[in-house]
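Visitor: Residue numbers (our numbering), protein chains in the order written: chain A, 1 to 149; chain B, 150 to 289.
Note that the Cβ used here is the ideal one computed from N, Cα and C, for glycine as well.
Before I ask anything, let me first share the structure, which is written out below as structure tokens.
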């Protein structure tokens, strides 16, 4: 009797856990898939109106939750695009040209695009010891303040 | 004597349970990173297989951790432990000396960034512990 109850609990936990991981994974996968390559972004720069987050491939994966929450916060005000820097051998030269054209010195950077594109802030402007929650809060505040200007 | 052995066994189950719980929670928090790490290994190279097996493995590991901490049924613990450790050992064995590119290095117990003989040894010892615990419990 004890084993049957335990087994039922274990199976229930397994099912919930499986669904939780599966759904979380699908959401994270959708987020990663929504990134636009920087070369494609540069070709149709006028089509992008709103916030633009630029980071390289590994940054998005390492700090996935941070970028997801940041995008969620910024999207409340205006559309937020994720731009991906691949830094592959074949595309590196062109990607660096675009970075120079955008006058970006530190990545990840957050820009605002509306006819003309300008940098609002970058991660280098914030102290390293900030918690993820505070970092997102501070970045969002700076972006929204500068966007209004 | 048997009472001391039972207490020692429960304590060992608990310690192993905490190790598995820590490992499962780190995977639960980072499913995408775990998926990338699995995808980099041979066997799970195919995206669809990795995306289905990833939640399956994490869930199995999570319920194994709970079973170990509660330690109610030794057969369930033994079966779950054997399944999980066999999967991880096979993965490590077939990827020995491989350095994964997309692996974040956050799952050092079972899916390390660089697979070494040490990783295989540790996982083999964990597998051996499951056999040992099951054997001891049946003899008490």
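What does residue 132 of chain A pair with, by DSSP beta-bridge criteria?
Guide: None, per the DSSP bridge assignment.
Visitor: Would you say residue 32 of chain A lies against chain B (beta-carbon separation less than 8 Å)?
Guide: True, the Cβ-Cβ gap to chain B drops below 8 Å.
Visitor: Could you check if residue 189 of chain B is buried or exposed, using at least 16 other CB atoms within 10 Å of its CB as the buried criterion?
Guide: Buried, since its Cβ has 16 or more Cβ neighbours within 10 Å.
Visitor: If we count Cβ pairs, one from each stretch, closer than 8 Å, do we get three or more for the stretch 226-237 of chain B versus the stretch 33-53 of chain A?
Guide: Contact fails: fewer than three Cβ-Cβ distances are below 8 Å.
Visitor: Which same chain residues, not among the five before or five after residue 263 of chain B, have their C-beta less than 6 Å away from its C-beta?
Guide: 248.
Visitor: With residue 194 of chain A and residue 180 of chain B assumed to form a contact (beta carbons below 8 Å), what rounded beta-carbon distance in angstroms separates them?
Guide: This structure cannot settle anything about residue 194 of chain A, because the visible part of chain A is limited to 1 through 149.
Visitor: Can you round the beta-carbon distance between residue 107 of chain A and residue 143 of chain A to whole angstroms, since I take them to be within the 8 Å contact cut?
Guide: That pair is no contact at about 16 Å.
Visitor: Since residue 10 of chain A meets chain B, which of its residues come closer than 8 Å, beta carbon to beta carbon?
Guide: By Cβ distance, chain B contributes 212, 215, 216 and 225.
Visitor: Is residue 114 of chain A helix, strand or coil when you go by DSSP?
Guide: Residue 114 of chain A falls in the strand class under three-state DSSP.
Visitor: Could you compute how far the alpha carbon of residue 176 of chain B sits from the alpha carbon of residue 256 of chain B?
Guide: Cα-Cα distance, rounded: 7 Å.
Visitor: Could you tell me which uninterrupted alpha helix (DSSP H) segments, each at least 4 residues in length, are contained entirely in the stretch 3-82 of chain A, listed from first to last along the chain?
Guide: With a minimum length of 4 residues, the continuous alpha helix (DSSP H) runs that stay inside the stretch 3-82 of chain A are 38-43, 57-62 and 64-75.
Visitor: For a test of the three-state rule: what should DSSP assign to residue 272 of chain B, helix, strand or coil?
Guide: Note: residue 272 of chain B maps to helix in three-state DSSP.
Visitor: Determine which residues of the stretch 171-187 of chain B have a Cβ less than 9 Å from any Cβ of chain A, and write them out in chain order.
Guide: Within the stretch 171-187 of chain B, the qualifying residues are 173, 176, 177, 178, 179, 180, 181, 182, 183, 184 and 185.
Visitor: Among the candidates B/164, B/208, B/151 and B/277, whose CA atom is the shortest distance from the CA of residue 18 of chain A?
Guide: Of the listed residues, the one whose Cα sits closest to residue 18 of chain A is B/208.
Visitor: Any contact between the stretch 203-223 of chain B and the stretch 162-169 of chain B? By contact I mean 3 or more CB pairs, one from each, below 8 Å.
Guide: As far as the Cβ criterion goes, the stretch 203-223 of chain B touches the stretch 162-169 of chain B, which means the pair count is three or higher.
Visitor: So residue 200 of chain B packs on residue 25 of chain A, CB below 8 Å; how close in whole Å?
Guide: Yes, residue 200 of chain B and residue 25 of chain A are in contact; Cβ-Cβ is about 7 Å, under 8 Å.
Visitor: Quick one: any contact between the stretch 48-57 of chain A and the stretch 94-111 of chain A, if contact means 3 or more CB pairs under 8 Å?
Guide: The stretch 48-57 of chain A is in contact with the stretch 94-111 of chain A.
Visitor: What residue range does the alpha helix (DSSP H) around residue 106 of chain A cover?
Guide: Counting along the chain, residue 106 of chain A falls outside any alpha helix (DSSP H), and DSSP gives it neither H nor E.
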